[in-house]
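Student: Reading the sequence shown from the start, the letters are residues 1 to 226 in the UniProt record's numbering. I'd like to ask you about the structure that follows.
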Amino acid sequence: MSEPLLVVRGLSKQFVSANETVPVIEKLSFTLGQGRSLALTGRSGSGKSTLLNLLCGLEVADAGSIALRDQVFEAGAAAAKHRAAAWARLRKQHIGVVFQEANLMPALTLLENVQFRAYLAGRDPAHSEDWLTRLNIGELARRYPDQVSGGQRQRAALAMVFAMEPALILADEPTGSLDRHTSDEVTGLMFELQARHGCSLILATHDAELAAGCQQHLDLGHLSGV
Ligand SMILES: Nc1ncnc2c1ncn2[C@@H]1O[C@H](COP(=O)(O)OP(=O)(O)O)[C@@H](O)[C@H]1O
Ligand SMILES: [Mg+2]
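Shown next, in the form of structure tokens:
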């Protein structure tokens, strides 16, 4: 196995509301190597999005630890402020997140969106147009997000993530809003670029065909016994 990029140990997360406690992630442990891909499956509500949020610091775990690159995050330990700052730095420079619907800035062209993301991550924005070309939307670089299709927006979102040269990509049902053909095209490109650039990928999906394209598999529905 390649060097581990991410080591998760005994991770637990529950949501508490006025009248109930919902355990979502329970004592989860796994390791993801550098350059490897992991499919996160399980029915709707099994905790896929919650786990992705934990893995980029948008949710805080109740127990367990997450080691990513040179950082170790222990639940409940270090000062919350310090931890939040460390996660924010990782999200800015090393973790690319892709959601079901591309969240591009509407006032910027596709190219400007990619350039801005690269700039934020401290990378050279000069390569931004190349990324759009590699995702087959080079000719749309100067259009605004509302002037292109959903599939094209999702390609632009992927171009943004690759332009930041991330160590880890977290994709939450990234093709859930696309038709089969477009979804296959977009994910084919995602896997190809991920393999070529050696970043790791965690892909949450309920699509068995998509999940089969990943090297490792984690079924949250199965693990939590639902
Ligand atoms: N912020 C929250 N507050 C309370 N419950 C939540 C919150 N976020 C998610 N949940 C609950 O946690 C469970 C897992 O949700 P989620 O991670 O979105 O699942 P999935 O992405 O697999 O569909 C669901 O029961 C959901 O209702
Ligand atoms: Mg989800």
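Built from N, CA and C at the ideal position, the CB exists for glycine as well.
#1: Given this structure, state the Cα-to-Cα distance separating VAL148 from ALA61, to the nearest angstrom.
#2: Could you tell me the boundaries of the beta strand (DSSP E) in which LEU140 lies?
#3: For GLN71, report the span of its beta strand (DSSP E) as first-last.
#4: Check the DSSP bridge columns for PHE15 and list the partner residues they point to.
#5: Quick one: what's got a C-beta closer than 7 Å to ASN113's C-beta in the same chain, skipping five residues either side?
#6: How is the beta strand (DSSP E) around ALA171 delimited, first residue to last?
#7: I need the boundaries of the beta strand (DSSP E) containing ALA217, first residue and last residue.
#8: What is the rounded straight-line gap between the Cα of GLU129 and the Cα of THR109?
#9: So is the beta-carbon of LYS48 under 6 Å away from any non-hydrogen atom of ligand 2?
#10: Should LEU99 be counted as a contact of ligand 1 given a C-beta to heavy atom distance under 6 Å?
#11: Determine, using beta-carbon pairs with one atom in the stretch 201-221 and one in the stretch 13-22, whether at least three such pairs fall under 8 Å.
#12: With the cut-off set at 7 Å, would you say VAL7 and ALA67 are in Cβ contact?
#13: If you scan the stretch 30-69 from start to end, which runs of the alpha helix (DSSP H) of 4 or more residues do you find wholly inside it?
#14: If the criterion is Cβ atoms closer than 7 Å, does the pair PHE99 and TRP131 meet it?
#15: Pull up the DSSP beta-bridge partners for ARG9, would you.
#16: My assumption, with CB atoms under 8 Å, is that ILE25 sits in contact with LEU54. Please give the rounded CB distance.
#17: What residue does the beta strand (DSSP E) around GLY96 start on, and which one ends it?
#18: Which of the three DSSP states is assigned to ALA102 in this structure?
#19: Which of the three DSSP states, helix, strand or coil, is assigned to SER177?
Tutor: The relevant details are as follows:
#1: Translated into positions along the sequence shown, residue 148 becomes position 148. Translated into positions along the sequence shown, residue 61 becomes position 61. For VAL148 and ALA61, the distance between alpha carbons rounds to 38 Å.
#2: Counting from one through the sequence shown, the residue named residue 140 turns up at place 140. From DSSP, LEU140 is part of no beta strand (DSSP E); its letter is neither H nor E.
#3: In the sequence shown, counting from the first residue as 1, residue 71 sits at position 71. Unbroken beta strand (DSSP E) run through GLN71: 71-74.
#4: Taking the first residue of the sequence shown as 1, we reach residue 15 at position 15. Partner(s): VAL22.
#5: In the sequence shown, residue 113 corresponds to position 113, counting from 1. Excluding sequence neighbours, ASN113 sits near LEU104, MET105, ALA156 and MET160.
#6: In the sequence shown, counting from the first residue as 1, residue 171 sits at position 171. Start and end: 168-172.
#7: The sequence position of residue 217 within the sequence shown is 217, counting from 1. For clarity, residue 217 is His in the given sequence; the question names Ala instead. Residues 216-219.
#8: The sequence position of residue 129 within the sequence shown is 129, counting from 1. The sequence position of residue 109 within the sequence shown is 109, counting from 1. Each residue's Cα considered, the two are about 11 Å apart.
#9: As a first step, residue 48 is located in the sequence shown; it is residue number 48 there, counting from the start. Yes, the beta carbon of LYS48 sits closer than 6 Å to at least one heavy atom of ligand 2.
#10: Looking up residue 99 in the sequence shown gives position 99. The residue asked about is misnamed: residue 99 is Phe in this sequence, not Leu. Because no heavy atom of ligand 1 lies under 6 Å away, the Cβ of PHE99 does not count as near it: no.
#11: no
#12: As a position in the sequence shown, residue 7 is number 7, starting the count at 1. As a position in the sequence shown, residue 67 is number 67, starting the count at 1. Yes.
#13: Considered as a whole, the stretch 30-69 harbours 48-55 as its complete alpha helix (DSSP H) runs of no fewer than 4 residues, in chain order.
#14: Taking the sequence shown and counting its residues from 1, the one referred to as residue 99 is at position 99. Taking the sequence shown and counting its residues from 1, the one referred to as residue 131 is at position 131. Taking a C-beta distance under 7 Å as the contact criterion, PHE99 and TRP131 do not qualify as a contact pair.
#15: On the sequence shown, position 9 is the one that residue 9 refers to. Beta-bridge pairing links ARG9 to SER65.
#16: As a working mapping, residue 25 is identified with position 25 in the sequence shown. As a working mapping, residue 54 is identified with position 54 in the sequence shown. About 7 Å; that satisfies the 8 Å criterion.
#17: By 1-based counting over the sequence shown, the position of residue 96 is 96. Run containing GLY96: 95-98, per the beta strand (DSSP E) assignment.
#18: In the sequence shown, residue 102 corresponds to position 102, counting from 1. The three-state secondary structure of ALA102, taken from DSSP, is coil.
#19: Counting from 1 along the sequence shown, the entry for residue 177 is found at position 177. Three-state result, SER177: coil.
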